[in-house]
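**Student:** There's a structure below that I have some questions on.
Protein chains: 2
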Amino acid sequence: MPSTPPSTKPAVTRNDVARLAGVSTAVVSYVLNGSKPVAPATATKVRDAVAMLGYRPNQAARALRLGSPEMLGIIIPDAQNPFFADLTHEVELAAEERGLALLAANADGSPERERRLVEKFATRRVDGMLLGSTLAVPDLQALMPREMPLVLLNQFDEIPGVGAVGVDLHEGALIGVEHLADHGHRTVGLISGTTAGGTLDPREAGWRTAIERRGLTPGPIVRETFTLPGGHAAGRWLIETGSLPPALFVSSDQLAIGLLLALHEAGLRVPDDVAIVSFDGTRDGEFSWPPLTSVAQPVRPMARAAVAALIDDPAAARRQLFAPALVRRASCGCVPAVSGTGPARR
Amino acid sequence: MPSTPPSTKPAVTRNDVARLAGVSTAVVSYVLNGSKPVAPATATKVRDAVAMLGYRPNQAARALRLGSPEMLGIIIPDAQNPFFADLTHEVELAAEERGLALLAANADGSPERERRLVEKFATRRVDGMLLGSTLAVPDLQALMPREMPLVLLNQFDEIPGVGAVGVDLHEGALIGVEHLADHGHRTVGLISGTTAGGTLDPREAGWRTAIERRGLTPGPIVRETFTLPGGHAAGRWLIETGSLPPALFVSSDQLAIGLLLALHEAGLRVPDDVAIVSFDGTRDGEFSWPPLTSVAQPVRPMARAAVAALIDDPAAARRQLFAPALVRRASCGCVPAVSGTGPARR
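Chains E and L supply the protein sequences, listed in that same order.
Counting in the numbering used here, the first sequence runs from 333 upward without gaps.
Counting in the numbering used here, the second sequence runs from 333 upward without gaps.
The following block contains the structure:
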């Protein structure tokens with residue numbers, strides 16, 4: 333890993349914060365670490381001083397506590413989404429290689445719950461934290477002053493001075509839509525997932541780029557939550573309004589599995605009536621009917637990179653963006669779905 | 333909740349343990365709580381004395397620490413199984429109602445990893461622990477002497493003096509097989525899941541009871557891991573050996589979804605060629621194709637009961653067994669799967 337520290341900020345120290353807030357440096361630590369209760373008015377003064385000065389704790393001091401680091405924490409936005417279950421599991425394995433256990437907490441789509449969990453982790457429970465935020469850009473006010481090594485997961489947008497790992501969502505959608513174009517489809521629709529912050533998903537821009545680049549006709553866009561029921565509802569809407577396009581890029585495997593149910597219920601065939609490429613590359617999409625062609629996130633390398641960034645070089649504080657890769661199965665038409673009773677396909 | 337303490341043990345005290353081990357009572361606490369390092373030889377003496385005397389810490393002292401309980405821990409055997417993701421989520425919601433956050437850790441099928449996670453939780457991280465063990469009967473030697481409120485989850489076997497919540501697996505299989513008999517099937521096979529300890533799953537006994545009670549012909553039994561690939565492998569085996577029965581009870585939704593893929597790949601139809609009832613009642617089974625008729629575990633009531641047992645009355649220390657209930661969908665033939673393009677079925 334590169335070890336050049338970033339030179340993003342002037343050297344504001346804890347002394348400066350203490351002086352401006354009119355408290356001791358110990359009190360500044362209590363507030364930032366949550367290690368001792370401090371009167372609310374005092375805490376506010378400290379936080380105001382931190383914000384005013386743009387103070388960030390010495391990056392070196394944020395390295396994993398010397399002595400006996402033994403536990404990492406991970407906060408994910410939706411523990412019931414198999415992608416995050418897979419990601420958590422890979423982080424767990426990567427942590428275990430370093431002799432560290434992993435505790436997981438679930439923000440369950442709520443930025444408010446996420447904030448509370450960050451508090452709890454930061455206070456005393458873990459030696460380093462991985463955060464897959466419910467928001468496209470998490471609340472850095474709350475995160476950055478803490479003296480806790482932190483790496484963001486599932487992070488597409490670059491945030492200066494913050495360690496982060498993510499997948500190239502724009503590129504992923506581009507790959508998916510171009511693959512449908514390669515199958516001869518001239519109209520490709522989009523089922524997109526919505527997020528807590530309401531920001532536009534980069535996969536939508538990637539879909540649009542591919543449409544333009546290939547001179548395709550844009551099909552309908554449906555936005556739903558990144559869930560099985562969300563995908564089902566999107567499919568029902570497209571069917572009932574008669575607007576189902578011949579090809580669809582779907583922003584997650586969970587959305588696509590929900591969509592498949594709506595198509596089956598209507599007696600429609602995949603890929604004959606509608607070809608599908610989804611996103612994530614989870615095991616659930618491998619076992620759906622038909623199996624999903626999906627733009628897979630490199631979950632294992634991302635998990636290992638995140639743990640390495642946390643442990644080896646928290647001072648590097650940069651974002652690493654990983655390239656997704658197409659996994660071809662039956663839903664796009666690449667692989668015949670039914671093999672008869674002959675020898676195994678897999 | 334009942335508050336009568338169980339009268340299962342004579343009053344062996346910490347003093348007795350200290351005397352036999354030749355150490356102070358403080359050292360006994362250090363060892364049992366892991367709150368301070370103790371020389372290995374001393375720790376062994378204390379553990380031997382605990383075992384010899386059958387010492388259990390005062391149940392009252394094991395109630396959630398007074399002051400500021402704020403965090404519960406849950407250890408589950410397989411975080412990638414959606415049933416455990418659902419259970420964890422419901423425990424999280426039940427804990428949140430009590431103002432407690434939940435940290436989750438995954439034993440990932442390994443009793444050894446489970447033991448290490450119990451250690452870590454017990455030492456200092458949480459105020460109470462829920463354990464869904466990888467084993468049919470967890471390692472009580474390791475668990476019971478700890479001064480930490482504990483409730484077992486997913487626990488079928490009764491363990492005297494231990495708080496536990498579980499579902500009636502035997503009854504669940506019985507309901508499932510009898511439902512297939514009600515559809516007119518005279519031969520019902522079984523796809524069963526294997527567990528770390530290698531003990532026989534009570535669902536297998538339930539299947540057998542139903543076969544006998546209804547005078548059915550037992551179909552083949554296939555045992556595989558409780559996973560999607562396990563179910564797929566079981567299906568391939570039944571198809572390739574020509575032993576696929578007209579009806580199957582499948583011990584988990586994940587196994588059944590894997591089975592569905594094998595059947596689809598072979599061009600077989602569900603329920604026409606083979607009718608299926610599975611177990612768990614997860615959302616994944618609601619969105620599979622066809623949707624699974626499944627014997628559902630009452631996840632929410634179980635989660636609430638487990639948290640209540642942990643917080644309100646850890647001294648009650650009894651097992652609560654919940655009744656599962658059949659959810660009828662298409663895989664058994666109760667509900668037609670294809671609705672055409674007409675109005676919504678769901």
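Built from N, CA and C at the ideal position, the CB exists for glycine as well.
Please read these numbers as outputs of a predicted model, since none were measured by experiment.
Excluding sequence positions up to five away, which residues of its chain have a Cβ less than 6 Å from the Cβ of L/ALA579?
**Tutor:** Contacts found: LEU512, HIS517, VAL520 and ALA607.
**Student:** Taking contact to mean at least 3 C-beta pairs separated by less than 8 Å, is the stretch 562 to 577 of chain L in contact with the stretch 497 to 513 of chain L?
**Tutor:** The stretch 562 to 577 of chain L vs the stretch 497 to 513 of chain L: no contact.
**Student:** From what residue to what residue does the beta strand (DSSP E) around L/MET461 run?
**Tutor:** Looking at the DSSP string, the run of the beta strand (DSSP E) that includes L/MET461 is 460 to 464.
**Student:** I need the DSSP call for L/PRO337, collapsed to helix, strand or coil.
**Tutor:** Since pLDDT at L/PRO337 reaches only 40, below the 50 mark, its modelled position is unreliable, and the value read off the structure follows with that caveat. Here L/PRO337 sits in coil by DSSP.
**Student:** So which residues of chain L does E/GLY590 contact, with C-beta pairs closer than 8 Å?
**Tutor:** Within chain L, the residues near E/GLY590 are PHE619.
**Student:** Measure the alpha-carbon distance for L/ALA635 versus L/PHE488 and round it to whole angstroms.
**Tutor:** Going from the Cα of L/ALA635 to the Cα of L/PHE488 covers about 15 Å.
**Student:** Classify E/THR625 as buried or exposed, calling it buried when 16 or more other Cβ atoms lie within 10 Å of its own Cβ.
**Tutor:** Result: buried.
**Student:** Under 8 Å between C-beta atoms, does L/PRO337 make it to chain E?
**Tutor:** Because L/PRO337 carries a pLDDT of 40, less than 50, the predicted location of this residue cannot be relied on, and the following value inherits that uncertainty. Not one chain E Cβ lies under 8 Å of L/PRO337.
**Student:** If you draw a straight line from the C-alpha of E/LYS377 to the C-alpha of E/ALA358, how long is it?
**Tutor:** Distance between the alpha carbons of E/LYS377 and E/ALA358 is about 14 Å.
**Student:** DSSP has L/LEU608 in a bridge; who is on the other side?
**Tutor:** Note that residue 608 of chain L corresponds to Ile in the displayed sequence, not to Leu. BP columns for L/ILE608 point to L/LEU580.
**Student:** Run down chain L in chain order and give the residues with a C-beta less than 8 Å from the C-beta of E/GLN412.
**Tutor:** Simply PRO414, ALA417, ASP418, HIS421 and ARG615.
**Student:** Excluding the five sequence neighbours on either side, which residues of its own chain have a C-beta within less than 6 Å of the C-beta of E/GLY508, listed in chain order?
**Tutor:** Counting only Cβ-Cβ distances below 6 Å, and skipping sequence neighbours, we find PHE581, VAL609 and VAL627.
**Student:** Any beta carbon of chain E sitting closer than 8 Å to that of L/GLY430?
**Tutor:** A quick correction: the sequence has Arg, not Gly, at residue 430 of chain L. With 8 Å as the cut-off, L/ARG430 does not count as an interface residue toward chain E.
**Student:** Helix, strand or coil, according to DSSP, for L/GLN629 in the structure here?
**Tutor:** Looking at L/GLN629 - three-state DSSP - the assignment turns out to be coil, as it is neither helix nor strand.
**Student:** In chain order, which alpha helix (DSSP H) runs of at least 4 residues are fully inside the stretch 516 to 556 of chain E?
**Tutor:** Fully enclosed alpha helix (DSSP H) runs of 4 or longer: 534 to 546.
**Student:** Which residues share a DSSP beta bridge with E/VAL483?
**Tutor:** E/VAL483 is bridged to E/LEU462.
**Student:** Counting C-beta neighbours from all protein chains within 10 Å, is the total for L/GLU544 16 or more, i.e. buried, or is it exposed?
**Tutor:** Exposed, by the Cβ-count rule.
**Student:** Hey, would you say E/GLY493 sits closer than 8 Å to E/ALA648, going by beta carbons?
**Tutor:** Not in contact: E/GLY493 and E/ALA648 (Cβ atoms no closer than 8 Å).
**Student:** Using DSSP's beta-bridge definition, name the partner residues of E/ILE407.
**Tutor:** E/ALA437 and E/LEU463, per the DSSP bridge assignment.
**Student:** Name the chain L residues that come within less than 9 Å of E/LYS452, Cβ to Cβ?
**Tutor:** Those are GLU402, MET403, ALA433 and LEU435, listed as they occur along chain L.
**Student:** In whole angstroms, what separates the C-alpha of L/LEU291 from that of L/PRO630?
**Tutor:** The requested residue 291 of chain L is not part of the displayed model; chain L covers only 333 to 678.
**Student:** Look at the Cβ atom of E/GLY464, then the Cβ atom of E/ASN486, and state whether they are nearer than 8 Å.
**Tutor:** Yes; because the gap between Cβ atoms is below 8 Å, this pair is in contact.
**Student:** Note down the Cα distance separating E/GLU451 from L/ALA637, rounded to an integer number of angstroms.
**Tutor:** One C-alpha to the other measures close to 28 Å.
**Student:** If I measure Cβ to Cβ from E/THR345 and keep anything under 6 Å in the same chain, skipping five residues before and after, which residues do I get?
**Tutor:** Nothing listed; no residue qualifies.
**Student:** Helix or strand or just coil, what does DSSP make of E/LEU653?
**Tutor:** In this structure, E/LEU653 counts as strand in the three-state DSSP scheme.
**Student:** Indicate the three-state DSSP secondary structure (helix, strand or coil) for E/LEU398 in the structure shown.
**Tutor:** Residue placement at E/LEU398 cannot be trusted, given a pLDDT of 43 that sits under 50; what the coordinates show is reported in the next sentence. It is coil, neither helix nor strand.
**Student:** Our contact map puts L/ALA417 next to E/ALA411 with C-beta atoms below 8 Å; I'd like the distance itself, whole angstroms only.
**Tutor:** With a Cβ gap of about 6 Å, L/ALA417 and E/ALA411 count as contacting.
**Student:** How big is the Cα-Cα spacing for E/ASP605 and L/GLU446?
**Tutor:** For E/ASP605 and L/GLU446, the distance between alpha carbons rounds to 48 Å.
**Student:** Is the beta carbon of L/LEU462 closer than 8 Å to that of L/LEU642?
**Tutor:** It is a contact, given that the beta carbons lie within the stated cut-off.
**Student:** DSSP three-state call for L/LEU658: helix, strand or coil?
**Tutor:** Reduced to three states, the DSSP call for L/LEU658 is strand.
**Student:** So, under 8 Å CB-CB, E/ALA566 and E/LEU548 are touching, yes? Tell me the CB distance rounded to an integer number of Å.
**Tutor:** Not really, about 20 Å apart at Cβ, beyond 8 Å.
**Student:** Return the CA-CA distance between L/ASP616 and L/THR573, expressed in angstroms with no decimal places.
**Tutor:** Computed Cα separation, rounded: 28 Å.
**Student:** Short check: CB of L/MET403 to CB of L/VAL458, under 8 Å?
**Tutor:** Yes, these two residues count as a Cβ contact at 8 Å.
**Student:** Can you say whether E/ARG601 is buried or exposed, counting buried as having 16 or more other CB atoms within 10 angstroms of its CB?
**Tutor:** The residue is exposed, with fewer than 16 neighbouring Cβ atoms inside 10 Å.
**Student:** If distances are taken between C-alpha atoms only, which option among L/GLY431, L/PRO550 and L/GLU479 comes closest to L/ALA454?
**Tutor:** Comparing Cα positions, the closest option is L/GLU479.
**Student:** In the DSSP assignment, find the alpha helix (DSSP H) that holds E/GLY617 and state where it starts and stops.
**Tutor:** Looking at the DSSP string, the run of the alpha helix (DSSP H) that includes E/GLY617 is 615 to 618.
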